[in-house]
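Down below is the structure, laid out as structure tokens.
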Amino acid sequence: MKPLLKNVKKTSDYLLIIAVIMLAIIGTVFIFSASNYSALKTYGDSLYFVKKQVVGIVLGVVVMIFSATFDYNKLKKFTLPIAIISFITLILVFVPSIGVENYGAKRWIGIGGLTLQPSEIAKFSLILFSATYVSNNPEKMKNFFGIIPVLLFGGITCLLIIIEPNMSITVCVALLMLTMLFSAGMKIKHFVFLIIPVLIGGVLLILAEPYRLNRLAAFLNPWSNPKGEGYQLLQSLYALGSGGLFGVGLFNSRQKFAFLPFAESDFILSVIGEEIGFVGLFFFFLLLFFIVYRGLKIAYKSKDLFGFMLAIGITMIFGIQTIVNALVVTGSIPPTGLPLPLVSSGNTSIIIFMAEMGVLFNISKQGALTF
């Protein structure tokens, strides 16, 4: 990645920040719509999830402002500390007095009355480690042995996440790792060599756990168990189908009335589709992919290899999660829990993503950006 010409005008990407804020606000509106009934019924407060999200957004904005002004090149110094924190927190989820278990999975750490999802930190840690390693060793990317450190780092991260268990984030992390290596110049034959065992590993992971086999069966034929494993997918499809072209209207979703599980988080896209319809979803996804477009443009215009790799990693994890979430709620791939970036309820996710968007903005300030 060669540096840009010195005479090229540098332009901060304020459009990216505007799009991120817009998406977070839209997400909060739909979190209220999707959760007000269940929140009132469960917690006695229809704004329970909205209040949590607003706190996450406020903290996210603070962190985003900091990361937007903090020279991204200095992040290299924090590669090892963040990696250590990432691995320690991923291990802590298995400590009985610290780890928090929900629905049979240990994916959170409880700190007082707060919870933290370490896998969100792990994704950024992998991005930072890969960007640092590649920028320090660009000549090694053409050699298979040269990419082994990134493979080991990503492999250990995936192992710690899959035993939580959290297959959806594991898949995203694996795809992120391969995408970053490919962007760094990894040879096609090495990519093919790696993707085959990844696919085989995915099949083995499905076969290893009965609940994953049940989810696969529900994906192939949700009507075979409409009140069991197929229930969530069917309710999601009912929501999307009810939305039609123009939707049933904002706040008028019917599936949110205890029919669709996790309506405010993993399946919030179903409620959005029900309320604003296909046409509304078209414009909603334009906003999502506009962020991806700006991220790729920032990567292309970045002044150095480190900035390029950071921008690629941040953009790709945002895009990968968006696509996987959309495929899940539409029944295009087997159902698995995965939040929609900057939209789904979840403080750790939104804070980390907004911090990453601040880093993207910082890269745009120091690179050259054209419309």
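In our numbering, the protein residues as written are 2 to 372.
Beta carbons are placed, not taken as given, at the ideal position from N, Cα and C, and that holds for glycine.
Since we're looking at a predicted model, the values are computed, not measured.
Please go through the same chain and pick out, in chain order, the residues whose beta-carbon is closer than 7 Å to the beta-carbon of residue i, but skip the five residues on each side of it.
i           : result
residue 165 : 94, 106, 107, 108
residue 357 : 125, 315
residue 329 : 336, 337, 339
residue 266 : 340, 345, 346, 347
residue 159 : 171, 174, 175
residue 62  : 355
residue 84  : 126, 130
Could you name the residues that DSSP lists as bridge partners for residue i?
i           : result
residue 110 : 100, 117
Helix, strand or coil for residue i? Go by DSSP, reduced to three states.
i           : result
residue 322 : helix
residue 362 : helix
residue 158 : helix
residue 250 : coil
residue 65  : helix
residue 316 : helix
residue 50  : helix
residue 331 : coil
residue 357 : helix
residue 308 : helix
residue 124 : helix
residue 164 : coil
residue 137 : helix
residue 345 : coil
residue 226 : coil
residue 256 : coil
residue 263 : coil
residue 368 : coil
residue 142 : helix
residue 153 : helix
residue 71  : coil
residue 338 : coil
residue 188 : coil
Ordered along the chain, which non-local residues of its own chain (more than five positions away) have a Cβ less than 8 Å from that of residue i?
i           : result
residue 196 : 179
residue 276 : 31, 34, 244, 248, 249, 250, 251, 252, 253, 254
residue 66  : 359
residue 17  : 292, 295, 296, 299, 358, 361, 362, 365
Got a sec, what are the start and stop residues for the alpha helix (DSSP H) residue i sits in?
i           : result
residue 90  : 80-93
residue 25  : 15-44
residue 171 : 168-184
residue 271 : 269-302
residue 235 : 232-244
Would you tell me roughly how many angstroms separate the C-alpha atoms of residue i and residue j, rounded to the nearest one?
i           : j           : result
residue 285 : residue 31  : 12 Å
residue 189 : residue 257 : 45 Å
residue 355 : residue 344 : 11 Å
residue 28  : residue 140 : 42 Å
residue 297 : residue 182 : 16 Å
residue 90  : residue 235 : 35 Å
residue 176 : residue 145 : 18 Å
residue 128 : residue 261 : 34 Å
residue 87  : residue 242 : 40 Å
residue 361 : residue 82  : 21 Å
residue 133 : residue 170 : 22 Å
residue 239 : residue 259 : 13 Å
residue 319 : residue 59  : 20 Å
residue 43  : residue 74  : 46 Å
residue 147 : residue 264 : 44 Å
residue 71  : residue 123 : 21 Å
residue 273 : residue 137 : 44 Å
residue 64  : residue 311 : 17 Å
Tell me which residues share the same chain as residue i and place their Cβ nearer than 6 Å to its Cβ, disregarding the 5 neighbours each side in the sequence.
i           : result
residue 37  : 47
residue 117 : 110, 349
residue 49  : 40
residue 121 : 349, 350, 353
residue 281 : 248
residue 155 : 127, 178
residue 278 : 244, 245, 246, 247, 248
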